[in-house]
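**Q** Dropping a structure here in structure tokens format, bear with me for questions.
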């Protein structure tokens, strides 16, 4: 028996003290409920598996083709008619792409920016989400609504004013400025995610801690935070990914010093003609670590994604 | 002195609230303020108050109205196809049951790919001459000539072509959310319907979809908002061309600001766009999420 594709049970388990909300109902890691829907006839199942195989091939092929192309010689890359497999396998594109001025630096910039943004998101979101869920004050309700509305703001609308703000305080073209911009995107989502995780922590836990002489902050730090550490990990992954893949703010707010890889990939088009080989190689380098990370942490990520979707 | 719970909660929320006020609310405020000025693109250049001129100019400009309709069409196209494909996959996974788990994971990987990479990849697949898509369709005999369909060069179909990476990237998201929803349909209900002799279509339309309604609504709104902001993948594929045929709102505002150097006009467009998005958001929030209230 498998459970729903959710995270560890402790993260989302319904507890006494917190009523299940709609989200809880969606994500509660019950046993597979819709079992009645499973196809039972053998021939039907075979057909469905065949259908799945076709869908998977169609779906997976584009990225596979990108990977294959990145191992072709630059000339082969633009062969007419195009071939699927490389004639000769070569690392030339990788050497070309990574050897270009600014490419390695951009990968470092992307990493720095994403790490700063992740830390900033967590430091701000964790206490805020706790304040909202634990005390349920009217201001908390207003605040979480406001955070949700923030998600609807198109980045292009705040990108330019944000960029000029940053340059007026001397932060233009720094990873910090870009990390702040990325945090405007990931903070609202982080607050919603963390609020859902805190919702599942029984209040008795902290009450017991306070009786034992912990301050409220002490109870949060020593008792509650360890319980939601899985949720914090999920939130961190999302904040990191949002920054790692973001393009518009990066385009508006970085020049030479702090350019991130997505911007460099886009610039390949104009600066070096259409050097498809190098572009595909760099795109692969940039995507593969994240895909591996995702596959390793998939259970957690699936839970976070569903929560993120449902809440904001 | 012991501080009250209420005050303690405020302290906890204050840093995040302050952050959003400074880095979201303030830039939005200056966006709206800028929209009433004619601004020189040079940093620190002159600004002249022009009232609603920028708004008049926006609404009378063909580019703006065109971009508005295109954004709407793009959003509807992306969300509809994604929903249909995502629901199909979610049902397939559900019908196959627990043995499909590994494949569900594999199905998720595009979610981790940067939109810019997806845009690049699909441009490479659809580009004239050496694009694989045309060549494959030619090989199986669907096209007379590999370049018969100018995916990215024909203004009539380009909006559809630039939507493909977006659909490819986020169908898995839709599938995931719908799959999670399907998990929670009580098995007894399905069993009962089956005993009553419900056939597959009736089961889908009369039982499953109505039960999934809240999940579907949320998924559609979330993806709708995201699709309406599409920028990365379109920029890298066509940069809005040919003949502005794929220029959506984000691209138009970006170009007005950066390429044509008209911050005032771009701000007015941004403000209108923002109000439209927020309007939709408020309606959606009010009717679907109801945060703070349990169920």
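Chains as they are written, first to last, in UniProt numbering: chain A, 1 to 312; chain B, 1 to 295.
The C-beta atom is built at its ideal place from N, Cα and C for all residues, glycine as well.
1) By how many angstroms is the C-alpha of residue 137 of chain A removed from the C-alpha of residue 163 of chain B?
2) Expressed to the nearest angstrom, what Euclidean distance is found between the alpha-carbon atoms of residue 167 of chain B and residue 79 of chain B?
3) From residue 127 of chain A to residue 102 of chain A, what distance separates their C-alpha atoms?
4) In chain order, what residues of the segment 6-17 of chain B put their CB closer than 9 angstroms to some CB of chain A?
5) In the structure shown, what three-state DSSP assignment does residue 37 of chain B receive?
6) On the DSSP bridge assignment, give the partners of residue 48 of chain B in chain order.
7) If you draw a straight line from the C-alpha of residue 75 of chain B to the C-alpha of residue 52 of chain A, how long is it?
8) My guess is that residue 125 of chain A and residue 78 of chain A are in contact by the Cβ rule of under 8 angstroms, so how many angstroms apart are they, rounded?
9) Counting only the same chain and skipping the five closest in sequence on each side, list residues whose C-beta sits under 7 angstroms from that of residue 51 of chain B.
10) Are the C-beta atoms of residue 123 of chain A and some chain B residue less than 9 angstroms apart?
11) Have a look at A/186, A/209 and A/90 and flag the residue whose alpha-carbon is nearest the alpha-carbon of residue 147 of chain A.
12) Relative to the C-alpha of residue 172 of chain B, which residue among B/28, B/284, B/256 and B/93 is closest?
13) Taking only beta-carbon positions, decide if residue 254 of chain A is within less than 9 angstroms of chain B.
14) Between the Cα of residue 235 of chain B and the Cα atoms of B/246, B/201 and B/225, which residue gives the shortest distance?
15) Tell me the DSSP secondary structure of residue 244 of chain A in three-state form.
16) Work out the CA separation of residue 161 of chain A and residue 64 of chain B for me, nearest whole Å.
17) Out of B/251, B/217 and B/13, point me to the one whose CA is closest to residue 273 of chain B's CA.
18) Can you pull out the residues from the segment 27-51 of chain B whose beta carbon lies closer than 7 angstroms to at least one beta carbon of chain C?
19) Counting beta carbon pairs with one atom in the segment 206-224 of chain A and one in the segment 157-171 of chain A, are three or more of them shorter than 8 angstroms?
20) By the three-class DSSP mapping on this structure, what secondary structure does residue 228 of chain A have?
21) Express the C-alpha separation of residue 226 of chain B and residue 118 of chain B in angstroms, rounding to a whole number.
22) Among the candidates A/265, A/291, A/58 and A/250, whose CA atom is the shortest distance from the CA of residue 280 of chain A?
23) Can you pull the chain B neighbours of residue 42 of chain A, defined as C-beta to C-beta under 7 angstroms?
24) Assuming residue 198 of chain A and residue 129 of chain A form a contact by the criterion Cβ under 8 angstroms, report the distance between their Cβ atoms to the nearest whole angstrom.
25) Since residue 240 of chain A contacts residue 114 of chain A with CB under 8 angstroms, what's their CB separation in whole angstroms?
26) Excluding the 5 residues preceding and the 5 following residue 219 of chain B in the sequence, name in chain order all residues of the same chain whose CB lies nearer than 7 angstroms to its CB.
27) Residues of chain B with CB closer than 7 angstroms to the CB of residue 216 of chain A, please, in chain order.
28) Kindly say whether residue 96 of chain A, judged by its beta-carbon, lies nearer than 9 angstroms to any beta-carbon of chain B.
29) Would you say residue 264 of chain B reaches chain A, if we count a Cβ-Cβ gap shorter than 9 angstroms as a contact?
30) Reducing DSSP to helix, strand and coil, say where residue 255 of chain B ends up.
31) Residues of the segment 161-178 of chain A in Cβ contact with chain B at a cutoff of 7 angstroms, in chain order, please.
32) Roughly how many whole angstroms lie between the Cα atoms of residue 87 of chain A and residue 72 of chain A?
33) Could you say which of B/203, B/104, B/60 and B/138 lies nearest to residue 185 of chain B if we only look at CA atoms?
34) In chain order, what residues of the segment 229-251 of chain B put their CB closer than 8 angstroms to some CB of chain A?
35) For my contact list, residue 182 of chain B and residue 90 of chain B are in at a C-beta cut-off of 8 angstroms; report their separation, rounded to the angstrom.
**A** From the atom records:
1) Within the second chain, residue 163 of chain B is the residue found at index 163, counting from 1. Within the first chain, residue 137 of chain A is the residue found at index 137, counting from 1. Roughly 43 angstroms between the two C-alpha positions.
2) Within the second chain, numbered from 1, the residue matching residue 167 of chain B stands at position 167. Within the second chain, numbered from 1, the residue matching residue 79 of chain B stands at position 79. Rounded to whole angstroms, residue 167 of chain B to residue 79 of chain B spans 8 angstroms at the Cα level.
3) As a first step, residue 127 of chain A must be located in the first chain, where it is residue number 127. As a first step, residue 102 of chain A must be located in the first chain, where it is residue number 102. Going from the Cα of residue 127 of chain A to the Cα of residue 102 of chain A covers about 38 angstroms.
4) Result list: 6, 8, 9, 10, 11, 12, 13, 14, 15, 16 and 17.
5) Residue numbering aside, residue 37 of chain B sits at position 37 when the second chain is read from its first letter. Strand, per DSSP.
6) Position 48 of the second chain holds residue 48 of chain B. Partner(s): B/38.
7) Here the question's residue 75 of chain B lines up with position 75 in the second chain. Here the question's residue 52 of chain A lines up with position 52 in the first chain. If you take the alpha carbons of residue 75 of chain B and residue 52 of chain A, they lie about 27 angstroms apart.
8) Position 125 of the first chain holds residue 125 of chain A. Position 78 of the first chain holds residue 78 of chain A. Their Cβ separation, rounded to whole angstroms, is 46 angstroms, which puts residue 125 of chain A and residue 78 of chain A out of contact at 8 angstroms.
9) The sequence position of residue 51 of chain B within the second chain is 51, counting from 1. Once the five neighbours on either side are set aside, the close Cβ partners of residue 51 of chain B are 36.
10) Within the first chain, residue 123 of chain A is the residue found at index 123, counting from 1. Taking Cβ atoms only, chain B reaches closer than 9 angstroms to residue 123 of chain A, which makes this a yes.
11) For this step, residue 147 of chain A is matched to residue 147 along the first chain. The shortest Cα separation from residue 147 of chain A among A/186, A/209 and A/90 belongs to A/186.
12) In the second chain, residue 172 of chain B corresponds to position 172, counting from 1. Ranking B/28, B/284, B/256 and B/93 by Cα distance to residue 172 of chain B puts B/93 first.
13) Position 254 of the first chain, counted from the first residue, corresponds to residue 254 of chain A. So, not an interface residue.
14) Counted from its first residue, the second chain places residue 235 of chain B at position 235. The shortest C-alpha separation from residue 235 of chain B is found at B/246.
15) By 1-based counting over the first chain, the position of residue 244 of chain A is 244. In this structure, residue 244 of chain A counts as helix in the three-state DSSP scheme.
16) Numbered from its first residue, the second chain carries residue 64 of chain B at position 64. Numbered from its first residue, the first chain carries residue 161 of chain A at position 161. Cα to Cα, residue 64 of chain B sits roughly 21 angstroms from residue 161 of chain A.
17) In the second chain, residue 273 of chain B corresponds to position 273, counting from 1. Closest by C-alpha distance to residue 273 of chain B, out of B/251, B/217 and B/13, is B/251.
18) In the structure shown, chain C cannot be found, because the protein chains are A and B.
19) no
20) The sequence position of residue 228 of chain A within the first chain is 228, counting from 1. The answer is coil: DSSP assigns residue 228 of chain A none of H, G, I, E or B.
21) Taking the second chain and counting its residues from 1, the one referred to as residue 118 of chain B is at position 118. Taking the second chain and counting its residues from 1, the one referred to as residue 226 of chain B is at position 226. For residue 118 of chain B and residue 226 of chain B, the distance between alpha carbons rounds to 16 angstroms.
22) What you label residue 280 of chain A is simply residue 280 of the first chain in a count that begins at 1. Here the closest residue by C-alpha is A/265.
23) Along the first chain, one-based indexing puts residue 42 of chain A at 42. Residues of chain B passing the Cβ test: none, with the nearest at roughly 13 angstroms.
24) Taking the first chain and counting its residues from 1, the one referred to as residue 198 of chain A is at position 198. Taking the first chain and counting its residues from 1, the one referred to as residue 129 of chain A is at position 129. Sure, about 6 angstroms apart at Cβ, within 8 angstroms.
25) Position 240 of the first chain, counting from 1, holds the residue named residue 240 of chain A. Position 114 of the first chain, counting from 1, holds the residue named residue 114 of chain A. The pair is a contact, with the Cβ atoms about 5 angstroms apart (cut-off 8 angstroms).
26) For the purposes of this step, residue 219 of chain B is taken as the residue at position 219 of the second chain. Excluding the 5 residues flanking it on each side, residue 219 of chain B has same chain C-beta neighbours closer than 7 angstroms at 174, 177 and 178, in chain order.
27) Position 216 of the first chain holds residue 216 of chain A. Within chain B, the residues near residue 216 of chain A are 8.
28) Taking the first chain and counting its residues from 1, one reaches residue 96 of chain A at position 96. Chain B, which has no Cβ nearer than 9 angstroms to the Cβ of residue 96 of chain A, makes this no.
29) Position 264 of the second chain, counted from the first residue, corresponds to residue 264 of chain B. Answer no: the Cβ-Cβ gap between residue 264 of chain B and chain A never drops below 9 angstroms.
30) If you number the second chain from 1, residue 255 of chain B lands on position 255. DSSP places residue 255 of chain B in helix when its eight states are reduced to three.
31) 161, 162 and 165
32) For the purposes of this step, residue 87 of chain A is identified with residue 87 of the first chain, where counting begins at 1. For the purposes of this step, residue 72 of chain A is identified with residue 72 of the first chain, where counting begins at 1. So the alpha carbons of these two residues sit roughly 7 angstroms apart.
33) Here residue 185 of chain B is taken as the residue at index 185 of the second chain, counted from 1. Among B/203, B/104, B/60 and B/138, the Cα nearest to that of residue 185 of chain B belongs to B/203.
34) Contact annotation: in the segment 229-251 of chain B, residues whose CB is within less than 8 angstroms of a CB in chain A are 229, 231, 232, 235, 236, 249 and 250.
35) Numbered from 1 along the second chain, position 182 holds the residue referred to as residue 182 of chain B. Numbered from 1 along the second chain, position 90 holds the residue referred to as residue 90 of chain B. Contact flag correct, Cβ pair sits at about 6 angstroms.
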